[in-house]
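One structure is given here, and the rest of the page talks about it.
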Amino acid sequence: MKRWSPVRRALLTVSAALLALVTSTTTAFAAPYHQVNGPEEYASAGQEKTVSAQCPEGEVPTGGGGYSTTVYFAVSRSFAIGSTWYWSGRNTHSTDSLKVSAFAICTRP
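In this text, residue positions in the sequence shown follow our numbering: the first is 86, and each later residue adds one.
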């Protein structure tokens, strides 16, 4: 049977201790959260559009944002009011419509 050197044994012990610490710390402080996606909506060429995503009852958004099908959606605001996350902007394309939708990261307060 191969014998481990004192240095290898020490490294193995430290590695195991660090893994246990990181795992327990992450689990202890992790808040349950999930993403809620709002419906996709069309923004016509040149149109300003505000889309939203609403957290379930008893939850609040801790963050959020939105998606666009192209780079032509210029975002002007991204904010929460109550349990809803709003994402606003303008379709800067001169002829094409695009799809936009908001998302909220929700958790219990």
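Each residue gets a CB set at the ideal place from its N, CA and C atoms; glycine is no exception.
All of these numbers come straight from a predicted model, not from anything done at the bench.
- Item | The beta strand (DSSP E) enclosing S163, as first and last residue numbers | Start and end: F158 to I166.
- Query: Cα separation between E126 and D181?
  - Reply: When rounded, the distance between both Cα atoms is 14 Å.
- C-beta atoms of S153 and L183 nearer than 8 Å: yes
- So what does DSSP say about Y118, is it helix, strand or coil? coil
- Item | Local conformation of T180 per DSSP, three classes | coil
- Query: How would you call N176, buried or exposed, if buried means at least 16 neighbouring beta carbons within 10 angstroms?
  - Reply: N176 should be labelled buried.
- Task: Could you tell me if V121 is buried or exposed, where buried requires 16 or more neighbouring beta carbons within 10 angstroms of its beta carbon?
- Result: buried
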